[in-house]
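Residue numbers (the numbering used here): 11 to 342. From the three backbone atoms N, C-alpha and C, an ideal C-beta is built for every residue, glycine too. This structure is a prediction, so every number in the text was calculated from the model and none was measured.
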């Protein structure tokens, strides 16, 4: 889905953000920031003030239906089974075919996906889909955990050797191009697929108000294991104007771990977490909380995982030159 701004109309409709879409299925997402003691409820109330409707209805807009999805499981990334192609079929059936879609639309016919026709794949087609999904998943999973492909070490010494196992999202020059994944002579299919393997939305313009660190390995360089327990020390001087957070994600699905009471912790939990004498926090990850550290623990439910450590409002653009987050220590 692509949203294009409609600049001609912006001058004529003050107070509106007008977009022309290339598809009939589309979504809008935003993340409110909390200032001056604002609460999650305040953010929810603010969201209910946003109205979305067709521009032709601007003089008498219909009511917007707001749904509270707080307790609803929502997997925003695809599963690599038959539902993947069912989703692809829905996109083909529900939307116009764009210029850049034409080659793929032709190839999809071999799998029984054709606009205006029911999707009833044969057993041969189903087997081809299953085999293709397994190969695609294995390929992208390998890229995800291989340094330099999807993520790269953030901190290195003068010789270029990693000083830490924390990584940054290796998008190359794509943020400056609006994440088109198009070069003069090629479309970067692998890089595009690898990015959307674990990211739901990529913006047209990359802002500097958040910074994400990705953790897939412990201090020994081993992959994080859902059956083990790890400790992360978050320093007092973590360079954020707003807050930091650390969240557990399933290594298998890249979604939240299921059936747990919490998926992460942040400096907004400082009233309930135990703090060290130097003002730092020890955060634990594993299937069971260390005794007495329940409020500093994020469950993994026994599932292999990775972490995203987010800095909301980094104090400087180059904060990582004077500050470094320590690696996870395996403690059992």
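Where residue i and residue j are concerned, what is the direct C-alpha to C-alpha distance, given to the nearest angstrom?
{"i": "residue 125", "j": "residue 98", "result": "11 angstroms"}
{"i": "residue 47", "j": "residue 53", "result": "11 angstroms"}
{"i": "residue 377", "j": "residue 275", "result": "In this structure the chain extends from 11 to 342, so residue 377 is not present and cannot be described."}
{"i": "residue 182", "j": "residue 283", "result": "37 angstroms"}
{"i": "residue 195", "j": "residue 141", "result": "30 angstroms"}
{"i": "residue 110", "j": "residue 160", "result": "24 angstroms"}
{"i": "residue 106", "j": "residue 202", "result": "22 angstroms"}
{"i": "residue 19", "j": "residue 336", "result": "Low local confidence applies: a pLDDT of 42 at residue 19 is under 50, so the model's placement there is unreliable, with the coordinate-based value given in what follows. Answer to the nearest angstrom: the Cα atoms are 50 angstroms apart."}
{"i": "residue 78", "j": "residue 58", "result": "10 angstroms"}
{"i": "residue 300", "j": "residue 103", "result": "51 angstroms"}
{"i": "residue 131", "j": "residue 108", "result": "24 angstroms"}
{"i": "residue 28", "j": "residue 36", "result": "14 angstroms"}
Using the rule of at least 16 other Cβ atoms within 10 Å of the residue's Cβ for burial, across every protein chain shown, is residue i buried or exposed?
{"i": "residue 175", "result": "buried"}
{"i": "residue 184", "result": "buried"}
{"i": "residue 90", "result": "buried"}
{"i": "residue 309", "result": "buried"}
{"i": "residue 313", "result": "buried"}
{"i": "residue 255", "result": "buried"}
{"i": "residue 257", "result": "buried"}
Pull up the DSSP beta-bridge partners for residue i, would you.
{"i": "residue 309", "result": "296"}
{"i": "residue 177", "result": "163 and 224"}
{"i": "residue 154", "result": "Paired residues: none, contrary to the question."}
{"i": "residue 320", "result": "222 and 255"}
{"i": "residue 274", "result": "257"}
{"i": "residue 197", "result": "192"}
{"i": "residue 241", "result": "294 and 339"}
{"i": "residue 266", "result": "259"}
{"i": "residue 250", "result": "324"}
{"i": "residue 303", "result": "For residue 303, which the question treats as bridged, DSSP gives no partner whatsoever."}
Report yes if the CB atom of residue i is closer than 8 angstroms to the CB atom of residue j, and no otherwise.
{"i": "residue 87", "j": "residue 263", "result": "yes"}
{"i": "residue 293", "j": "residue 306", "result": "yes"}
{"i": "residue 246", "j": "residue 287", "result": "no"}
{"i": "residue 236", "j": "residue 317", "result": "no"}
{"i": "residue 139", "j": "residue 92", "result": "yes"}
{"i": "residue 178", "j": "residue 198", "result": "no"}
Quick one: residues in its chain with C-beta nearer than 7 angstroms to the C-beta of residue i, no 5 flanking neighbours on either side, listed in chain order?
{"i": "residue 207", "result": "150, 154 and 264"}
{"i": "residue 251", "result": "323 and 325"}
{"i": "residue 119", "result": "none"}
{"i": "residue 56", "result": "42"}
For residue i, collect the residues of the same chain with a Cβ closer than 8 angstroms to its Cβ; drop the 5 residues on either side in sequence, then sort them by chain order.
{"i": "residue 211", "result": "39"}
{"i": "residue 327", "result": "218"}
Would you say residue i lies against chain C (beta-carbon separation less than 8 angstroms)?
{"i": "residue 290", "result": "In the displayed structure, chain C is absent; only one protein chain is listed."}
Using C-beta distances below 6 angstroms, list every residue in its chain close to residue i, excluding the 5 sequence neighbours before and after it, in chain order.
{"i": "residue 12", "result": "Reliability of the predicted coordinates at residue 12 is poor, the pLDDT of 42 falling under 50, and no value is obtained from them."}
{"i": "residue 221", "result": "321 and 324"}
{"i": "residue 329", "result": "249"}
{"i": "residue 223", "result": "176 and 319"}
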